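Colleague: Start counting the sequence shown at 3; every next residue gets the next number (this note's numbering).
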Amino acid sequence: MKTIICYLSYSGNTEEIADLLKVKLETDDIDVDMYCIGYGVVPNLYEYDLIFLGTFTWDKGSTPEEMKDFVKEVGGKPKNVYIFGSGDTQFGGDNLFCNAVNKLVRFYNSEYPGLKIEQSPRGSQEQLVSKWLEGVLEHAKGKNIRT
Ligand SMILES: Cc1cc2nc3c(=O)[nH]c(=O)nc-3n(C[C@H](O)[C@H](O)[C@H](O)COP(=O)(O)O)c2cc1C
């Protein structure tokens, strides 16, 4: 199975979630490619069985421009995309919290709820990442994606 984590991060929080996911997947003997959006050639996501896509939220619940450009470059809607992200409830409360995650879940018709982390996943929120990943892997198995 081919797995990739693509993420966009300015100040490191989304990157920390991506790194945690990578470590946890590798602990489960799942090899992972990493792609930091904005650096180097955009990978061909259609070559992957399982795709993790991470973003922060910006400007009143918006998806960052770099993520929009990435989505355009990818083109179309690859299957089996699972979305995660970092946000901050201080910017507009629950309605706008990690709204870019909501938008990407809708765009890619992701069949599993997105993961929303308040800033850094360090500390108690690491559990949320683990639980979410377990759920994603269960979901993928249910779809006969070998993990
Ligand atoms: C100008 C600005 C606007 C923001 N707007 C939102 C927002 O609408 N919703 C949200 O959940 N977080 C918002 N945030 C918080 C960031 O998404 C949050 O700090 C995130 O952890 C940054 O991720 P990164 O460290 O991966 O860059 C905003 C942050 C800044 C600086």
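Idealized CB from N, CA, C, for every residue including glycine.
No experiment lies behind these values; they were computed from the predicted model shown.
(1) Between the alpha carbons of V129 and L22, how many angstroms are there, rounded?
(2) Out of curiosity, what's the CA-to-CA distance linking E136 and A142?
(3) Rounded to whole angstroms, what is the Cα-Cα separation between S13 and G56?
(4) For Y48, which three-state DSSP category applies?
(5) Can you have a look at E75 and say buried or exposed, based on whether 16 or more other CB atoms are within 10 angstroms of its CB?
(6) Whole angstroms is fine: what's the gap from K105's alpha carbon to I19's?
(7) In chain order, what residues of the same chain have a beta carbon less than 8 Å from the beta carbon of V44, not counting five sequence neighbours either side?
(8) Since L117 contacts V107 with CB under 8 Å, what's their CB separation in whole angstroms?
(9) Report the start-end ranges of each beta strand (DSSP E) in the segment 54-137 that is 3 residues or longer and not cut off at the edges.
(10) Determine, using beta carbons only, whether S88 and N146 come nearer to each other than 8 Å.
(11) Buried or exposed for V103, going by 16 or more other Cβ atoms inside 10 Å?
Modeller: Checking against the coordinates, here is how it stands:
(1) For this step, residue 129 is matched to residue 127 along the sequence shown. For this step, residue 22 is matched to residue 20 along the sequence shown. Looking at the sequence shown, residue 129 is not Val but Gln. Computed Cα separation, rounded: 11 Å.
(2) Translated into the one-based positions of the sequence shown, residue 136 becomes position 134. Translated into the one-based positions of the sequence shown, residue 142 becomes position 140. Rounded to the nearest angstrom, the two C-alpha atoms are 10 Å apart.
(3) Residue 13 sits at position 11 when you count from the first residue of the sequence shown. Residue 56 sits at position 54 when you count from the first residue of the sequence shown. For S13 and G56, the distance between alpha carbons rounds to 13 Å.
(4) Working through the sequence shown from its first residue, we reach residue 48 at position 46. If DSSP states are grouped into helix, strand and coil, Y48 belongs with the helices.
(5) Residue numbering aside, residue 75 sits at position 73 when the sequence shown is read from its first letter. Classification of E75: exposed, given that the 10 Å Cβ count is below 16.
(6) Locating residue 105 in the sequence shown gives position 103, counting from the first residue. Locating residue 19 in the sequence shown gives position 17, counting from the first residue. Here the alpha carbon of K105 sits roughly 19 Å from the alpha carbon of I19.
(7) For the purposes of this step, residue 44 is taken as residue 42 along the sequence shown, with counting starting at 1. Excluding sequence positions up to five before and after V44, its CB lies within less than 8 Å of the CB of Y37, F72, E75 and V76, all in the same chain and listed in chain order.
(8) Within the sequence shown, numbered from 1, the residue matching residue 117 stands at position 115. Within the sequence shown, numbered from 1, the residue matching residue 107 stands at position 105. A Cβ-Cβ separation of about 10 Å leaves L117 out of contact with V107 under the 8 Å criterion.
(9) If we require 3 residues or more, the beta strand (DSSP E) runs fully inside the segment 54-137 come out as 83-89 and 117-120.
(10) Here residue 88 corresponds to residue number 86 of the sequence shown, with the count starting at 1. Here residue 146 corresponds to residue number 144 of the sequence shown, with the count starting at 1. In terms of Cβ geometry, S88 and N146 do not form a close pair [threshold 8 Å].
(11) To locate residue 103, count along the sequence shown from 1; it is residue 101. By the 10 Å Cβ count, V103 comes out buried.
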